[in-house]
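*Asks:* Residue numbers (full-length UniProt numbering): 1 to 444. My questions will all concern the structure given below.
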């Protein structure tokens, strides 16, 4: 008993795990709220913990939980080394160094999460940090929606000013560089919190905080009038319902109850006070109005130039930040296209394989998990390509690396829990008396 307590205490005092929690929390501070300009780069909380985490992972003796995690580590290490070496031939060395620092920060965060978030209890801690962090970010966004002015980054810029005048509404951006990146954050966050909310859990206070954080995230998401983000969340919920209905689980009744509750709430709003409904419809109309007053010609032109640049270089990555070169400083607005241009076809295929592997693993072993997270995480993977075309670039967004490492870590947890149950059942069979074994193997 003393040895078990000692091991438990040692686990709680694991500095790698502690740094991981700090790194996860720093995702929700962004790179604009707290920062220190140091020569040609900025030092902010996530980057600091990224530096620390990098050395912890490289020099730690703790092994990877399963071969898939080790494979991800080796691939991302190759990704990082390629990014460092490709600075040599990048079109703009200063931009390449800056972008490589961003890449290193994201990969270091993913290493920490994949290595140290290795149990369901630690997943609960991660989700709680995500819930509180989302509330913090979205309270800033709510202020910006209600007051129609930016709180953190006060510079509006000509493009945003023209868009606000055209649509008639200033979209929030909180701690993010623009409203589309903020919408990406809320689209991803709302899916994760929605999945967590599907299976009621204790203590109830955390369940209630989860619900509040989800509602706040959805309201700010709608206020962003981002077509890609809102469509991604909606499509993700549809996929979630399909997965939930077609697979055995313990939360189908909760899904039905939630649907009934939403219908009753909708009817109640119409009967009692339709002001809130009018406000919601007006915000959704902004999405339609934005679609009517904007064309996709500019986006098509961006994609065409980026693809031609990648083809001219035969799919060989031209270095960090090189996707800005053919577009005269404009980001490609597509994660996969940015990876192709900057790091090459091999890295793009590797990322797609990792997403496929995580999706497949979570689906294969989701029966051993008693909540709705497996279904919502699989849904988020399916809608990620659509979600990733809205922001200017998501490589610099900590929430992207947090989500990516989370689905990888969760796929490993599901796999290992399944293997433990199989081993436990096998051990019980081995310990059965010999006279009972045939009856187990050959039931009448």
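Every residue, glycine too, gets a C-beta built ideally from N, C-alpha and C.
(1) Please determine, among 41, 172, 376, 407, the residue with the shortest C-alpha to C-alpha distance to residue 238.
(2) Pop quiz: residue 450 and residue 229 are said to be a contact at Cβ under 8 Å. What is the actual Cβ separation, rounded to whole angstroms?
(3) With which residues is residue 42 paired in a DSSP beta bridge?
(4) Would you mind working out which of 255, 80, 305, 196 sits nearest residue 325, comparing C-alpha positions?
(5) Can you tell me the Cα-Cα spacing of residue 417 and residue 202, whole angstroms?
(6) For residue 113 versus residue 406, is the C-beta spacing smaller than 8 Å?
(7) Return helix, strand or coil for residue 14, following the three-state DSSP convention.
(8) Would you mind sorting residue 365 into buried or exposed? The rule is 16 or more other CB atoms within 10 Å of its CB.
(9) Which term fits residue 131, buried or exposed, when burial requires 16 or more other beta carbons within 10 angstroms of its beta carbon?
(10) The alpha helix (DSSP H) spanning residue 387 covers which residue range?
(11) Grab the span of the alpha helix (DSSP H) containing residue 342 for me, first residue to last.
(12) In this structure, how does DSSP classify residue 86 when only helix, strand and coil are distinguished?
(13) Straight-line CA distance for residue 445 to residue 422?
(14) Just confirm the distance between the C-beta atoms of residue 14 and residue 412, as a whole number of angstroms; I'd bet it's less than 8 Å.
(15) Go to residue 124, then tell me how far its alpha helix (DSSP H) extends in each direction, as first and last residue.
(16) So is residue 447 buried or exposed if we call it buried at 16+ other beta carbons inside 10 Å?
(17) Between 344, 105, 151, which has its C-alpha nearest residue 43's C-alpha?
(18) Since residue 204 and residue 221 should fall inside the 8 Å C-beta cutoff, what is the C-beta to C-beta distance between them, to a whole number of angstroms?
(19) Can you list, in chain order, the residues of its chain with a C-beta nearer than 7 Å to that of residue 248? Leave out the 5 residues immediately preceding and following it.
(20) What are the start and end residues of the alpha helix (DSSP H) that includes residue 173?
(21) Cβ of residue 410 versus every heavy atom of the ligand NAP: is any distance shorter than 7 Å?
(22) Taking C-beta to C-beta, are residue 315 and residue 352 nearer than 8 Å?
(23) Let me know if residue 328 comes out buried or exposed under the rule of 16 or more other beta-carbons within 10 Å of its beta-carbon.
(24) Could you spell out where the alpha helix (DSSP H) holding residue 104 opens and where it closes?
(25) Quick check on DSSP: helix, strand or coil for residue 410?
(26) Where does residue 205 fall in DSSP's three states?
(27) Taking residue 217 and residue 193 to be in contact with their CB atoms under 8 Å, please state how far apart those CB atoms are, rounded to whole angstroms.
(28) Check whether the Cβ atoms of residue 240 and residue 379 lie closer than 8 Å to each other.
(29) Look at the Cβ atom of residue 347, then the Cβ atom of residue 79, and state whether they are nearer than 8 Å.
(30) First and last residue of the alpha helix (DSSP H) that includes residue 230?
(31) In whole angstroms, what separates the C-alpha of residue 317 from that of residue 309?
(32) Under DSSP, the alpha helix (DSSP H) around residue 192 begins and ends at which residues?
(33) With DSSP run on the structure shown, which of helix, strand or coil describes residue 28?
(34) By DSSP, does residue 424 sit in helix, in strand, or in coil?
(35) What does the alpha-carbon distance come out to for the pair residue 390 and residue 427?
(36) Under 6 Å Cβ to Cβ from residue 400, same chain only, skipping five residues before and after it: list those, please.
*Replies:* Here's the rundown:
(1) Looking at 41, 172, 376, 407, the one whose alpha-carbon comes closest to that of residue 238 is 376.
(2) Any question about residue 450 goes unanswered here, given that the chain covers just 1 to 444.
(3) 37
(4) 305
(5) 22 Å
(6) yes
(7) coil
(8) Buried is the call here.
(9) buried
(10) 373-387
(11) 335-343
(12) helix
(13) Residue 445 is absent from the model: the chain starts at 1 and stops at 444.
(14) Rounded, the Cβ-Cβ distance is 17 Å, inconsistent with contact.
(15) 120-147
(16) Here the chain comprises residues numbered 1 to 444, so residue 447 is not present and cannot be evaluated.
(17) 105
(18) Wrong, their Cβ atoms sit about 25 Å apart, outside the cutoff.
(19) Closer than 7 Å at Cβ, skipping near neighbours: 367.
(20) Taken as a continuous stretch (DSSP letters only), residue 173 belongs to no alpha helix (DSSP H), as it is neither H nor E.
(21) Among the ligands in the structure shown, none appear at all, so the ligand NAP cannot be discussed.
(22) no
(23) exposed
(24) 93-116
(25) Reduced to three states, the DSSP call for residue 410 is helix.
(26) helix
(27) The pair is a contact, with the Cβ atoms about 6 Å apart (cut-off 8 Å).
(28) yes
(29) The Cβ atoms of residue 347 and residue 79 sit closer than 8 Å to each other.
(30) 227-246
(31) 10 Å
(32) 179-197
(33) In this structure, residue 28 counts as helix in the three-state DSSP scheme.
(34) Looking at residue 424 - three-state DSSP - the assignment turns out to be helix.
(35) 51 Å
(36) Counting only residues of its own chain and dropping the five nearest sequence neighbours on each side, residue 400 has a CB closer than 6 Å to the CB of 394.
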